[in-house]
Amino acid sequence: MSSATSTTALVLSGGGARGAFDAGVAQALEAKGIRPTVISGTSAGGITGAMLACGWSAARITELWCSLESRHVMRPRMDLHRLIAPSGLIMDPRELIDGRPTWVDGLLHLFGWTWLFHLRPLRDRLVRELGGEALPIEEDRTLVLSAVEVATGQPVRFANRPSISVPGRDPAETIVADLTVDHLLASSAIPGLFQPIDIDGRQYWDGVLSQNTPVTGALAHDPDRMLIVGPVPTDPPSRPPHTFGDVISLAIAHVLRDAVVQDVRTAAHTDDRVDGDGDGGGDLIEMLTVLPDTPIVGLGDLLDFEPKMSRQLADSGRELATAALDERGWT
């Protein structure tokens with residue numbers, strides 16, 4: 000399928016530090032002369048997608064990812080005096096009468112923090128790299144960033160232009176705006192881990208809660224074909240957890256892997272143009288999926304930004320995406 004006659008969409012999943020894989024996919028697309036004009040991303044995928052939408056070369060995106068260390072992304076909050084909430088020591092008499100509170104409730108009520116890290120280092124870095132807070136998106140490109148409103152749980156899409164498909168296909172609220180670095184951070188604020196981001200009086204969390212692989216966000220802009228990049232392999236090695244960290248990382252890996260499947264199924268259910276088999280035909284949208292071949296083996300794979308690992312992920316993304324594009328014959 001020729002890129003000269005096709006609108007190509009790129010869907011980039013959230014995956015924390017594993018987002019460097021997306022930079023390698025961008026290298027493969029650039030080498031093939033494929034220029035996505037619709038880019039839909041969540042969290043780390045939203046950051047890579049924004050760089051592409053702003054006209055960055057794949058090499059520049061890769062260098063950004065491979066220069067990041069954890070201290071460039073997040074910092075722990077320092078207000079230790081708020082760590083313990085004195086109000087948690089006082090039990091509501093109505094709860095005592097109802098007999099509902101438990102020792103778990105009591106412990107959680109004592110914890111005064113609702114998030115652990117802030118993203119100011121990443122914000123400062125992005126503003127510096129972009130030359131300001133506004134995203135200078137190229138005129139012919141559409142960028143869609145997925146997030147969730149904290150108060151309501153409503154999935155939200157921030158986009159630089161309105162959708163052009165049939166209304167109602169995308170279940171999320173779409174907010175058309177002049178996109179900024181804060182919209183990127185809103186899509187990246189993992190609940191409980193990062194501070195929610197305030198935009199126009201509403202607070203937002205990472206889009207992982209509603210659609211970590213934001214396929215419907217891209218479909219709303221009527222592409223002819225779509226490259227979907229996931230954060231984890233389809234068939235990870237089976238191993239039982241041995242530590243509490245193993246339990247958390249394994250659970251996250253299961254959620255992220257299932258999200259790719261479920262998000263594509265949701266898209267197929269809400270949009271009859273989706274080709275669930277991925278091979279196109281007629282007026283169906285052809286879909287191609289690229290997944291990493293290395294599993295998540297610990298929380299560090301998601302939260303520790305380290306240049307050497309980022310370089311390996313980028314190289315892997317380039318190789319796997321190139322092979323997938325060659326096999327499908329995309330140019």
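Numbering-wise, numbering that gives the first Met the number 0 puts 181 at position 182 of the sequence shown, and it's gapless, one number per residue. Glycine included, each C-beta is placed from N, C-alpha and C at the ideal position. Predicted, not measured: the structure shown is a model, and the values here were computed from it.
- Sorting Ser66, Arg34 and Gly54 by C-alpha distance to the C-alpha of Ala313 places Ser66 at the top.
- Annotated three-state conformation of Glu172 is strand, per DSSP.
- Assigned with DSSP and collapsed to three states, Phe304 falls in coil, not helix or strand.
- Under the criterion of beta carbons closer than 8 angstroms, Gly54 and Gly18 do not qualify as touching, at roughly 19 angstroms.
- Going by beta carbons, Gly23 and Arg272 fall outside the 9 angstroms limit.
- Between Ala57 and the set Ala25, Leu208 and Gly48, the nearest pair of CA atoms involves Ala25.
- Classified as buried, Arg256 has 16 or more neighbouring CB atoms from the shown chains inside 10 Å of its CB.
- C-alpha of Ala185 to C-alpha of Gln311: approximately 27 angstroms in a straight line.
- For Ala219, the number of other beta carbons within 10 angstroms of its own is at least 16, and it is reported as buried.
- Counted as a single uninterrupted DSSP element, the alpha helix (DSSP H) harbouring Pro120 occupies residues Arg119 to Leu129.
- Put simply, of Leu249, Gly32 and Gly111 the residue whose alpha carbon is nearest the alpha carbon of Gly299 is Leu249.
- Spatial neighbours of His241 in its own chain (CB-CB distance under 8 angstroms, excluding positions within 5 residues in sequence) are not present.
- The shortest C-alpha to C-alpha distance from Arg81 to any of Trp114, Thr61 and Ala52 is the one to Trp114.
- Taking 9 angstroms as the cut-off, the Cβ atoms of Val155 and Pro213 do not count as close.
- Beta-bridge partners of Ala133 (DSSP): Thr179.
- Nearest C-alpha to Ile284 among Ala266, Pro291 and Leu301: Ala266.
- Burial is judged here by how many other beta carbons sit within 10 angstroms of a residue's own beta carbon; Asp197 has fewer than 16 and is exposed.
- A buried status is given to Arg224, since no fewer than 16 other beta-carbon atoms sit within 10 Å of its beta-carbon.
- Thr151 counts as exposed, since fewer than 16 other beta carbons sit within 10 angstroms of its beta carbon.
- The alpha carbon of Pro232 has as its nearest neighbour, out of Ser12, Thr7, Ser5 and Thr6, the alpha carbon of Ser12.
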